[in-house]
Amino acid sequence: MEDTRKMRKKKVKRIRLIAGLKVLAIIGLASFAVGCSYKEEVYSDVSQYPMFGDGENMLERFQAYGNNYLEQAQLGYVNIWPETISENATVQDYTLVYAEPFDANYLGYLKIAYEKEEYLAEIERLEHYPSTEYTGVYGAKGFAYYELLAIDASDSGFVYALTDGQETIIYIGMIFPGYGMDIDYKKYIPEEYLPEGLDATKDNPTRKAVIEENEKTK
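Numbers 9 to 226, taken from this note's numbering, label the letters of the sequence shown in order.
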């Protein structure tokens, strides 16, 4: 009889311990979620171009990045985004977004209407950019409405330039870690400027495949 009571007491203690651990886990997850909340910093003052945030030059982020960043920087590849915006050019839209829930996410969108001579010079500059293959990267298939002038695509994101053929060029930059972007890029970039089929959200198939492959190799 005494042994039965002891067993019951141990069982009750074990149940209470498990329940307590579950509560702590829930509290921990809640605290973690709160701690991981972040604010997107949005900049649209084109007079500050190309500076971003606390004096950071965004071109350094947009010109080369990812695993081949140093190689590209050393070769001195031409930037896709313009180093400066001339007084004759008309900026029709400009947005830079920064977010850092864990690692830095950068998004940029710049639309410029050039005068004819400058437009032709910019087209020539971009056509000489050593573009990378992008088809299939995060499901990207192509651009339906605009001509692609230059692109740098990798697992870390995309930087590219488009034209409407009427002296306007659109520059896009999307840089993110972890195979998915925390920023809602569709909120800031018109859909017609994004590659068809693109899915760079945190739940994209590419990221899921990488996670599954990592699980298999553990």
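Yeah, the Cβ is synthetic: ideal placement off N, Cα and C, and Gly gets one too.
With distances taken from CA atoms, which of the options is nearest residue i?
i    : options                   : result
S164 : R133, E199 and A208       : A208
S52  : E95, F70 and Q100         : Q100
L157 : E223, I197 and G173       : G173
W89  : Q56, S55 and E130         : E130
Y142 : Y127, E126 and I159       : I159
M66  : T103, T98, N96 and S94    : T103
E155 : L202, S94, E68 and R69    : L202
D190 : D111, E68 and I93         : D111
H136 : A169, A107, S94 and N212  : A169
P109 : E91, F184 and L118        : F184
K149 : E220, G63 and E200        : E200
Y57  : E91, P198 and Y46         : E91
P198 : L118, R133 and E221       : L118
G116 : N222, I219 and Q71        : Q71
E64  : G144, V167, K210 and Y106 : Y106
E204 : N222, G144, D211 and R69  : G144
F166 : R69, E126 and Y46         : R69
Measure the alpha-carbon distance for residue i versus residue j and round it to whole angstroms.
i    : j    : result
A121 : M182 : 22 Å
K1   : E175 : Summary: the structure shown does not reach residue 1, with the chain confined to residues 9 through 226, and so no result is reported for it.
A152 : E49  : 30 Å
K224 : G186 : 18 Å
F60  : Y114 : 10 Å
K195 : N87  : 25 Å
G28  : K216 : Legend: pLDDT at G28 = 43, less than 50; position of this residue unreliable, value from coordinates given subsequently. Computed Cα separation, rounded: 33 Å.
T98  : S55  : 12 Å
T214 : Y146 : 6 Å
A161 : S94  : 27 Å
L128 : I177 : 11 Å
Y193 : D211 : 14 Å
L134 : N96  : 19 Å
T171 : T140 : 18 Å
Could you spell out where the alpha helix (DSSP H) holding residue i opens and where it closes?
i    : result
L134 : K124 to E135
E49  : Premise fails: E49 lies in the beta strand (DSSP E), E49 to Y51, not in any alpha helix (DSSP H).
N222 : P213 to T225
F227 : This structure does not reach residue 227, given that the chain is present from 9 up to 226, and the question cannot be answered.
I need the boundaries of the beta strand (DSSP E) containing residue i, first residue and last residue.
i    : result
V54  : Where V54 is concerned, there is no enclosing beta strand (DSSP E), given that its DSSP letter is neither H nor E.
N113 : N113 to A121
Y46  : Here Y46 belongs to no beta strand (DSSP E), and DSSP marks it neither H nor E.
A107 : T98 to A107
Consult DSSP for residue i and reduce its assignment to one of helix, strand or coil.
i   : result
T92 : coil
F60 : strand
I35 : Note that I35 scores a pLDDT of 36, beneath 50, so its modelled location is shaky and nothing firm can be said.
A81 : At A81, the pLDDT of 47 sits below 50, so the modelled position is not reliable; the number obtained from the coordinates is stated separately. Helix.
Completely contained alpha helix (DSSP H) runs for the stretch 129-210, where each covers 4 or more residues:
193-196, all fully within the stretch 129-210.
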